[in-house]
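Q: If you scroll down you'll find the structure; I have some questions about it.
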Amino acid sequence: MPGTSKLEARLTDLEQIARKKRLSEGQRFTVRHLAAAAGLPKETTRRWLIDREPPFNTESVWALASTLAEWSGRAITRQKIIELAELRRQDIVTYEAGQSSGVTPALKSLEGAARGKCQLLQRSTVQETGLPRGVVSDWFSRRIPPRDRDQLVRLVSYFASIAGKDFPSPVWELRLRRYWLARREAEVSQVISSSEMKEPRDANVSNVAPSALSSPDNSRVMLVGGSSFPHLTDLPAVSRNLAGLHDVLSDPRYWGISQGNCTVIENPLSAPKVVDALQDHAEAATEALIFYYSGHGLIGRSGDLALAVQDSKAFRSHLSIPYQWIRELIVESPARRKIVILDCCYSGTALDAMSAGAIGSHVAAEGTYVLTASPAHATALAPRDHAYTAFTGGLLEILKGGIPGAGPALEMEAIFRELRTRMAARNFPTPQKGARNTADKIPLVRNVAQVGEVIQYERY
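Sequential numbering from 1237 applies to the sequence shown in my numbering.
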């Protein structure tokens, strides 16, 4: 991120003094020594000493700062360090959300157009917009957009008025909506990553006990698929995909979702039918929310994924369901566990588009797991001589047969690893995943291989 925060400057000053003092006293100043003294993982101190990246966790920041202060013989105030750490965290969240939503580059372009019309100064911007000086300074010096909605609108409006551009406009309304959504996701992601004080970032979380299955009564499932299309190739296996998944998820031996909480939509005519139904489910779910799509995946002009419906045509992605719509509804749902399964061509695009920075963005929210049939630029397979598509057939095989030694419940990460192995062995496209921390541990169904009951299934 452009610019240097006050926290980084403060830590750098302390480090320089501490380094000189320790060296003059014949003591060593290394990653290992600093990590041991501060009680931090080596990776955390290495990121600071080499990459100049302070820890995200405020307690970790204080541990680092207090150790440097002790070594340098300087006094620091805990409250001040914690305040600087929180401001830096908010700066990172805001900057990354601005980049991922397109607000930051669009605002830079708008500012450039305004500069072409007049001499644009921070002082005059503060006077004309009524914005706090610090907010304007953050934008001009570090390219951090205002965090407050009204302040951002005022800044955009001011630049637009000078540049002679229209505002508000549909394009800017979409950018702003994406910005606030990306901010919420980024805030969650940054809070989650604060666990480094007790555990390194590369720590293995496989020792976490498996969670109990989600309550079927408080969960919602939506299975959508396209098996026949007026303008695209028919995919008859998709019809069996939907029936197979519905049978597994509704069977009490595996999970037991009720008919009222599970909606199956085959060959939807247009996007509204799917989006309206998903919104109802997303708002009602408090435990698990599962969305599955099987059919044709299309790529729009902007490179975003679209899911085909009856109205869809090749090279007419606007007639399909923008995956962005699906993602927004899922992210905003109160459900604590969210699973998205996409069995379509180019489904990995959902992961590429999904990040607010560090890990591919749209799925970065805690408790969300996305499983796709193929990488972003690869097609999915529907072999003609198989009952199911390649991906869903493999998934059903695992859900029905279980995974020996995987515990009483099949968690998403275990399913992904087993599915990836089986697909590779059959020379099928490689499944992809997008998950954040504990989302790997989301249980989908009971592991019948563990409880000793292996139910017969139709091999695809």
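C-beta: ideal position from N, C-alpha, C; glycine also. Bear in mind that the values here come from a model prediction, so they are computed numbers and not experimental data.
Check each candidate in Y1331, A1448, F1551 and T1615 and name the one with the smallest Cα separation from H1467.
A: The shortest C-alpha separation from H1467 is found at F1551.
Q: With which residues is T1608 paired in a DSSP beta bridge?
A: T1608 is bridged to L1578 and Q1668.
Q: Answer yes if the segment 1397 to 1410 comes into contact with the segment 1267 to 1279, meaning at least three C-beta pairs across the two stretches below 8 Å, and no otherwise.
A: Verdict: no, contact absent.
Q: Which residue's Cα is closest to the Cα of F1213: P1611, T1330, E1564 and T1365?
A: Residue 1213 lies beyond the residue range present for the chain, which begins at 1237 and ends at 1696; the question has no answer from this structure.
Q: Can you tell me whether DSSP reads S1464 as helix, strand or coil?
A: In this structure, S1464 counts as coil in the three-state DSSP scheme.
Q: Where L1300 and T1674 are concerned, what is the direct C-alpha to C-alpha distance, given to the nearest angstrom?
A: About 27 Å.
Q: So, using beta-carbon positions, are D1540 and Q1515 closer together than 8 Å?
A: For D1540 and Q1515, no; Cβs fall outside 8 Å.
Q: Could you check the C-alpha separation between L1578 and P1644 for me, to the nearest Å?
A: About 25 Å.
Q: How many whole angstroms separate the CB atoms of S1450 and E1523, which I take to be in contact at a CB cut-off of 8 Å?
A: That pair is a contact at about 4 Å.
Q: Go to Y1528, then tell me how far its beta strand (DSSP E) extends in each direction, as first and last residue.
A: It spans A1524 to S1530 - the beta strand (DSSP E) in which Y1528 sits, taken as one unbroken run.
Q: Which whole-angstrom value is the C-beta distance of R1477 and A1521, which I expect to be below 8 Å?
A: Note that residue 1477 is Asn in the sequence shown, not Arg. Wrong, their Cβ atoms sit about 22 Å apart, outside the cutoff.
Q: Taking DSSP as the reference, what is the three-state secondary structure of P1558?
A: Three-state DSSP puts P1558 in a strand.
Q: If we count the other Cβ atoms within 10 Å of its Cβ and call it buried at 16 or more, is K1316 buried or exposed?
A: Answer is exposed; the Cβ neighbour count stays below 16.
Q: Can you tell which of I1286, R1390, E1633 and R1662 has its C-alpha closest to the C-alpha of N1683?
A: Ranking the options by Cα distance to N1683, first place goes to E1633.
Q: Which runs of the alpha helix (DSSP H) fall wholly inside the segment 1318 to 1353 and span at least 4 residues, in chain order?
A: As far as the segment 1318 to 1353 is concerned, its whole alpha helix (DSSP H) runs of at least 4 residues are 1339 to 1351.
Q: By DSSP, does I1595 sit in helix, in strand, or in coil?
A: Unreliable placement is indicated for I1595, whose pLDDT of 31 sits below 50; the coordinate value is still reported in the next sentence. DSSP places I1595 in coil when its eight states are reduced to three.
Q: So which of T1313, L1285 and R1288 has the shortest CA-CA distance to W1298?
A: Here the closest residue by C-alpha is T1313.
Q: Taking only the alpha-carbon atoms, compute the straight-line gap between L1243 and G1461 and give it to the nearest angstrom.
A: Roughly 51 Å between the two C-alpha positions.
Q: Considering Cα atoms alone, identify which of S1377, V1392, L1367 and S1475 is closest to A1623.
A: The shortest C-alpha separation from A1623 is found at S1475.
Q: Are L1250 and S1308 touching if we call contact CB-CB under 8 Å?
A: Yes, the Cβ-Cβ distance between L1250 and S1308 is below 8 Å.
Q: List in chain order: all unbroken beta strand (DSSP E) runs of 3+ residues lying wholly within the segment 1624 to 1683.
A: Entirely contained in the segment 1624 to 1683, the beta strand (DSSP E) runs reaching 3 residues are, in chain order, 1645 to 1647, 1668 to 1671 and 1679 to 1682.
Q: Answer yes or no: do G1531 and A1544 have a C-beta to C-beta separation smaller than 8 Å?
A: It is a contact, given that the beta carbons lie within the stated cut-off.
Q: Give the DSSP-derived three-state secondary structure of T1499 in the structure shown.
A: Three-state DSSP puts T1499 in a strand.
Q: Helix, strand or coil for I1253? Go by DSSP, reduced to three states.
A: Helix at I1253.
Q: Give me the Cα-Cα distance between T1469 and Y1529, rounded to the nearest whole angstrom.
A: Near 16 Å, if we compare the C-alpha coordinates of Y1529 and T1469.
Q: N1663: buried (16+ other C-beta within 10 angstroms of its C-beta) or exposed?
A: By the 10 Å Cβ count, N1663 comes out exposed.
Q: Per DSSP, L1541 is paired with what?
A: I1535, per the DSSP bridge assignment.
Q: Taking L1481 as the reference, which of A1513, I1526 and E1649 has the closest Cα?
A: Nearest of A1513, I1526 and E1649 to L1481, Cα basis: I1526.
Q: Between R1379 and T1340, is the Cβ-Cβ spacing less than 8 Å?
A: Yes, the pair counts as a contact, with Cβ atoms nearer than the cut-off.
Q: For S1548, count neighbouring Cβ atoms within 10 angstroms of its own Cβ and tell me buried if that reaches 16, exposed if not.
A: When all chains shown are included, S1548 counts as buried.
Q: What are the partner residues of K1549, as DSSP defines its beta bridges?
A: Answer by DSSP bridge pairing, in chain order: R1552.
Q: Taking DSSP as the reference, what is the three-state secondary structure of L1514?
A: Note: L1514 maps to helix in three-state DSSP.
Q: To the nearest angstrom, how far is it from the Cα of Q1363 to the Cα of L1357?
A: Cα to Cα, Q1363 sits roughly 10 Å from L1357.
Q: With which residues is V1389 paired in a DSSP beta bridge?
A: DSSP output for V1389 lists no bridge partner at all.
Q: Are the beta-carbon atoms belonging to A1618 and C1580 less than 8 Å from one another?
A: No, Cβ-Cβ distance for A1618 and C1580 is not below 8 Å.
Q: What does a CB cutoff of less than 6 Å around V1511 pick up in its chain, not counting 5 residues either side in sequence?
A: Excluding positions up to five away in sequence, the list reads W1561.
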